[in-house]
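Structure, as structure tokens:
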Amino acid sequence: MSKISRRTFLGSTALAALYAATSPAMSLAQGKSLSWRNWSGAEVSYPQSRFSPANENQLAQFMATSSGPLRPVGSGHSFSPLVPTDGHLIVIDQLTGLLSDDEAAHSATFAAGTRLADMGPLLESLGQGLFNLPDIDRQTLAGATATATHGTGIQFKSLSGYITGLRLIMLDGSALDLSAVSQPDLFAAACVSLGCLGVVSRMTIQNREAYRLKQTTWVEKTATLLENFDTHMSSHRHFELFPLTHSDYSMALATDETDEAINNPEASPEEAAAFDTAMRGFMLVPPSLRRPLINALAEQIGPSERVDASYKILSNIRNNRFNEMEYSVPVAAGAECLQEILALIIDKAVDVVFPLEYRYVCRDDTMLGMSSGDEDHAAISIHRVASEDYRPYFDLIEPIFWKYGGRPHWGKIHSLGSEQLSRLYPRFDEFAALRRELDPQGRLLNAHLSKVFGEPV
Ligand SMILES: Cc1cc2nc3c(=O)[nH]c(=O)nc-3n(C[C@H](O)[C@H](O)[C@H](O)COP(=O)(O)OP(=O)(O)OC[C@H]3O[C@@H](n4cnc5c(N)ncnc54)[C@H](O)[C@@H]3O)c2cc1C
Numbered sequence: 001m002s003k004i005s006r007r008t009f010l011g012s013t014a015l016a017a018l019y020a021a022t023s024p025a026m027s028l029a030q031g032k033s034l035s036w037r038n039w040s041g042a043e044v045s046y047p048q049s050r051f052s053p054a055n056e057n058q059l060a061q062f063m064a065t066s067s068g069p070l071r072p073v074g075s076g077h078s079f080s081p082l083v084p085t086d087g088h089l090i091v092i093d094q095l096t097g098l099l100s101d102d103e104a105a106h107s108a109t110f111a112a113g114t115r116l117a118d119m120g121p122l123l124e125s126l127g128q129g130l131f132n133l134p135d136i137d138r139q140t141l142a143g144a145t146a147t148a149t150h151g152t153g154i155q156f157k158s159l160s161g162y163i164t165g166l167r168l169i170m171l172d173g174s175a176l177d178l179s180a181v182s183q184p185d186l187f188a189a190a191c192v193s194l195g196c197l198g199v200v201s202r203m204t205i206q207n208r209e210a211y212r213l214k215q216t217t218w219v220e221k222t223a224t225l226l227e228n229f230d231t232h233m234s235s236h237r238h239f240e241l242f243p244l245t246h247s248d249y250s251m252a253l254a255t256d257e258t259d260e261a262i263n264n265p266e267a268s269p270e271e272a273a274a275f276d277t278a279m280r281g282f283m284l285v286p287p288s289l290r291r292p293l294i295n296a297l298a299e300q301i302g303p304s305e306r307v308d309a310s311y312k313i314l315s316n317i318r319n320n321r322f323n324e325m326e327y328s329v330p331v332a333a334g335a336e337c338l339q340e341i342l343a344l345i346i347d348k349a350v351d352v353v354f355p356l357e358y359r360y361v362c363r364d365d366t367m368l369g370m371s372s373g374d375e376d377h378a379a380i381s382i383h384r385v386a387s388e389d390y391r392p393y394f395d396l397i398e399p400i401f402w403k404y405g406g407r408p409h410w411g412k413i414h415s416l417g418s419e420q421l422s423r424l425y426p427r428f429d430e431f432a433a434l435r436r437e438l439d440p441q442g443r444l445l446n447a448h449l450s451k452v453f454g455e456p457v
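Counting in my numbering, the sequence shown runs from 1 upward without gaps.
Okay, structure coming up:
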């Protein structure tokens, strides 16, 4: 045998598998292994090993040779405990970049670990643009689609709805290239997989020609905005609300395609600091006395506009860490559900200043998408800053979502188990059966997913 270089030795998947096999004993001897945390910091776990494959072959070899539980992780931006494991964490941060594109079809294939933030500029250089984006773009393509991450717009599906092909590396190391043509059912499942069918290594996404957007922001009474919501939604490409708690007002965002020159000034740090100070001040006032103060502040906020490349307008940077619960309800029930939540926050004097978020998502053909099936959905989010216990607030509000037939966002906090989920998602049982067939031993499950699929922990 020729000499083995240090690089080969340290990068070897066999070594990783060997480490994986021996590390439980090491963990026990040395106490807990290095911790993993999600973006909000609320979810912590101690994986026995981390494996970051440099290519699909290494990933396949690891899948085939390792034993015990494993969970793939993207950028760890899910609030729900989808990722935590005390087994192997498969980190896809080396599987990144554009792999190929089809100019005529406006589609492109990316390695699964590519961050949404990197896709915008790469696609722009090809003359392409994503149809829509979520509120932030730090997620990986595989992670975002595994939970049906979405933006807003009645004609826009979640990101998963634009996937036209993907490669799934199975537990035995084999690779399946899936599309709506090749294996339609498995493809519909794998587009929103919760990371429990295998590990996705590449995805092809349908785009359109590159475009520019103009976003207009203003503050108006929530009741008026909700009354006119469908008109706004049909007259703008995107429309959404950030309803303020303990207030009669919401921030409205309307976004449209434009040819206007780019004009996207950076947010003024002084203005942001002043707003932050005002919000902190409100926290010192008892919730029952806040309404006139927040209304007075809201009335002072003037409209604003910005124009830029689509991907720079659709996503934002969120510096303040928080936890989030989001459910989607049929569009017809959206306004009533939102108003009931806002009223309960006032009624129970819930000590929260974080705005809600109200968006529309178009139906799609995936098995577990929040808007899968034949109805468009209104998505409603509630938030709590990461330093505070989110449970009392989320526990109070969650039954309102249930009352309206709400489906939880897979990447956000919810308390539902298989029985309720199978009533909410028409193809849930089909997904669960496929999952069992592909992973009969439950290697790709953790405690949270065992509850979701009604499997023993
Ligand atoms: C500040 C903030 C804003 C957000 N805004 C929105 C929003 O506007 N709209 C929205 O819908 N959601 C939003 N989310 C939720 C977020 O988009 C989802 O939770 C998303 O899944 C996170 O992507 P990630 O890359 O961090 O994946 P992770 O959280 O790391 O993982 C998510 C799931 O993907 C699986 N996974 C990861 N990689 C693979 C792979 N290669 N193969 C198979 N499965 C894999 C994991 O196992 C897990 O089940 C937001 C989250 C944050 C923190």
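For every residue, glycine included, the Cβ atom is placed at its ideal position computed from N, Cα and C.
Just so you know, these numbers come straight off a predicted model, no measurement behind them.
Is residue i helix, strand or coil by DSSP?
i    : result
W39  : coil
M370 : coil
M63  : helix
Y327 : strand
R321 : coil
A431 : The sequence given here places Phe at residue 431; Ala does not occur at that position. It is helical.
N316 : strand
P24  : Caution applies to P24, whose pLDDT of 40 falls short of 50 and renders its modelled position unreliable; the value that the coordinates give is listed next. In the structure shown, P24 sits in a helix (DSSP, three-state: H, G or I).
T273 : Looking at the sequence provided, one finds Ala at residue 273 rather than Thr. Helix, per DSSP.
D172 : coil
M233 : helix
H448 : helix
L122 : helix
P287 : helix
S160 : helix
A267 : coil
F453 : coil
L70  : strand
For residue i and residue j, I'd like the C-alpha separation in whole angstroms.
i    : j    : result
I245 : H232 : In the sequence on display, residue 245 carries Thr and not Ile. Taking the straight line from one Cα to the other gives about 22 angstroms.
D172 : Q58  : 13 angstroms
R50  : H150 : 29 angstroms
N446 : D101 : 36 angstroms
R237 : L116 : 20 angstroms
T277 : W218 : 21 angstroms
T152 : P134 : 8 angstroms
R279 : V361 : Checking the displayed sequence, the identity of residue 279 turns out to be Met instead of Arg. Distance between the alpha carbons of M279 and V361: 30 angstroms.
I154 : R363 : 9 angstroms
V452 : L241 : 30 angstroms
P243 : V91  : 36 angstroms
V331 : E375 : 8 angstroms
R443 : Q94  : 23 angstroms
T164 : E340 : 38 angstroms
E419 : S125 : 47 angstroms
I169 : G195 : 11 angstroms
P440 : G417 : 19 angstroms
H88  : E257 : 44 angstroms
A252 : Q215 : 10 angstroms
H448 : I317 : 28 angstroms
Counting along the chain, where does the beta strand (DSSP E) carrying residue i start and finish?
i    : result
A104 : Note, A104: premise wrong, no beta strand (DSSP E); not H, not E.
V331 : From DSSP, V331 is part of no beta strand (DSSP E) but of the alpha helix (DSSP H) over 331-347.
L95  : L95 -> no beta strand (DSSP E), and no H or E assigned at all.
I380 : 377-385
R167 : 163-169
A309 : 304-309
S78  : From DSSP, S78 is part of no beta strand (DSSP E); its letter is neither H nor E.
E357 : 357-361
I205 : 199-206
S193 : Unbroken run through S193: none, as it is neither H nor E.
From which residue to which residue does the alpha helix (DSSP H) around residue i run?
i    : result
W218 : Element bounds for W218: not the alpha helix (DSSP H) but the beta strand (DSSP E), 212-221.
T255 : Taken as a continuous stretch (DSSP letters only), T255 belongs to no alpha helix (DSSP H), being part of the beta strand (DSSP E) at 249-257.
N295 : 291-300
Q420 : 418-424
H238 : Counting along the chain, H238 falls outside any alpha helix (DSSP H), though it belongs to the beta strand (DSSP E) covering 238-243.
T140 : Run containing T140: none; DSSP gives neither H nor E here.
R391 : 391-403
Q184 : According to the sequence shown, residue 184 is Pro rather than Gln. Residues 184-190.
Cβ-heavy atom distance between residue i and ligand 1 below 8 angstroms?
i    : result
A464 : A query on residue 464 cannot be resolved here, the shown segment of the chain reaching from 1 to 457 and no further.
H238 : no
Quiz: which residues have CB nearer than 5 angstroms to ligand 1 non-hydrogen atoms: W39, P72, V73, G74, S75, G76, H77, S78, L82, I92, A112, P134, D135, I136, Q139, T140, A142, G143, A144, A146, T147, T149, H150, L194, G195, V199, V200, R318, G411
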